[in-house]
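Peer 1: Once you know that position 182 of the sequence shown is 188 in the numbering used here, the rest is easy, because the numbers rise by one and skip nothing.
Even for Gly, the Cβ is constructed at its ideal location relative to N, Cα and C.
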Amino acid sequence: MDNETVSKSTMPRIGDKAPDFEALTTTGPIKFSEYIKGGWTIMFSHPADFTPVCTTEMSAFAVNKKWFAERNTKLIGLSIDSIHSHLAWVNNVRKNTKVYMDFPIIADLDMKVANLYGMLHPGESATAAVRAVFYIDPNGIIRLIMYYPLNVGRNMDEIQRVLVALQTADENGCALPVNWRPGTKVIVPPPKDLEEMEERINNPDYDEKVDFYLVKKSL
Ligand code: BEZ
Numbered sequence: 007m008d009n010e011t012v013s014k015s016t017m018p019r020i021g022d023k024a025p026d027f028e029a030l031t032t033t034g035p036i037k038f039s040e041y042i043k044g045g046w047t048i049m050f051s052h053p054a055d056f057t058p059v060c061t062t063e064m065s066a067f068a069v070n071k072k073w074f075a076e077r078n079t080k081l082i083g084l085s086i087d088s089i090h091s092h093l094a095w096v097n098n099v100r101k102n103t104k105v106y107m108d109f110p111i112i113a114d115l116d117m118k119v120a121n122l123y124g125m126l127h128p129g130e131s132a133t134a135a136v137r138a139v140f141y142i143d144p145n146g147i148i149r150l151i152m153y154y155p156l157n158v159g160r161n162m163d164e165i166q167r168v169l170v171a172l173q174t175a176d177e178n179g180c181a182l183p184v185n186w187r188p189g190t191k192v193i194v195p196p197p198k199d200l201e202e203m204e205e206r207i208n209n210p211d212y213d214e215k216v217d218f219y220l221v222k223k224s225l
C-alpha cells in the first residue's frame, strides 16, 4: 500500500459516531447513516469473495439473519471486490450450499469504506480487508469492534453473545462478567461515590457479594 493510501486510513474507536458513507451494495446503493437508523447494525468485512474461510463466515451470518433481526439488528458485509464478483459468489454459495447471503454486501473496490473504518491493516494485507466487525447502536455509536486476521475465521457464538451482552447492559444498566451468558448473573456497576459504596455493602438483595466493588445480581 502506498503512503497516500495509508495516510487516508482512519481507525474509528469505541464510542465514536459511526462514520457516514455512500456505497454500492448487493441490495442497491445505500447511505450508511440512513441504513443504520432505528436499530442495531453489525458491519463486517471479509478479505475476498470465493475464498473458503470467508464463505463459512458469511454463510453463518446468512443462516443467523433471522436471529439478528429478532434482536433489532441489521447485517451488512463488505469486501474489496466488485458487485459482479459479490453477485456471482452469492449465487455460487446458494447453488452449492442452499445458503442465500441476501443481506447487503458493500462493493468497496476503491477501498473508501475500508479506509474509513480502519479495515486495511497493511502488515496483514495491502489489498484485502481484515476480518473486522463493528457493532453500531441505535444512536449511531460504535460500541464494539473486533479484528481477526485473514487466516482465522470469527466465532459466531461470540458475535451473537456480545450483541446480547451490549443490549442487556444498556437495558439494565449493568456490566457483564467474564464468559457471561444470557440467564447468568450480571455485575452491579462499581460504586462511584461513598453513598453507592454503602448501598453495595448494605443492600441484602444482591445474589453474590465478593466485596463492595464486585457485586452480582440476577436479572
Ligand atoms: C479465506 O477466506 O479462506 C481467506 C481469504 C484471504 C486469505 C486467506 C484465507
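1) Cβ-heavy atom distance between V139 and the ligand BEZ below 8 Å?
2) Taking Cβ positions, are A135 and P53 nearer each other than 9 Å?
3) Could you check if L81 is buried or exposed, using at least 16 other CB atoms within 10 Å of its CB as the buried criterion?
4) Please classify L225 as buried or exposed, where buried requires at least 16 other C-beta atoms within 10 Å of its C-beta.
5) Is the separation between the beta-carbon of W46 and that of R19 shorter than 9 Å?
6) Could you tell me if N121 is buried or exposed, where buried requires 16 or more neighbouring beta carbons within 10 angstroms of its beta carbon?
7) Inspect the beta-carbon positions of S51 and R149 and report whether they are closer than 9 Å.
8) CB-CB under 7 Å to N165, same chain, minus the five flanking residues each way: which ones, in chain order?
9) What is the DSSP secondary structure of K43, counted as helix, strand or coil?
10) Quick one: any contact between the segment 85 to 102 and the segment 35 to 42, if contact means 3 or more CB pairs under 8 Å?
11) If you measure between the beta carbons of K215 and K191, is that distance less than 9 Å?
12) Who are the near neighbours of S15 in its chain, counting only those whose CB is closer than 7 Å to its CB and skipping five residues on each side?
13) Within the chosen definition, does the segment 109 to 120 reach the segment 27 to 35 through at least 3 CB pairs nearer than 8 Å?
Peer 2: On the basis of the data shown:
1) No, since every heavy atom of the ligand BEZ falls outside the 8 Å radius drawn around the Cβ of V139.
2) yes
3) buried
4) With fewer than 16 other Cβ atoms within 10 Å, it is exposed.
5) no
6) buried
7) no
8) Sequence check: residue 165 is Ile here, not Asn. For I165, where only same-chain residues beyond five positions count, the Cβ hits under 7 Å are V139.
9) coil
10) Note that the segment 85 to 102 does not touch the segment 35 to 42; fewer than 3 beta-carbon pairs, one per stretch, sit closer than 8 Å.
11) no
12) N121, G124, L126
13) yes
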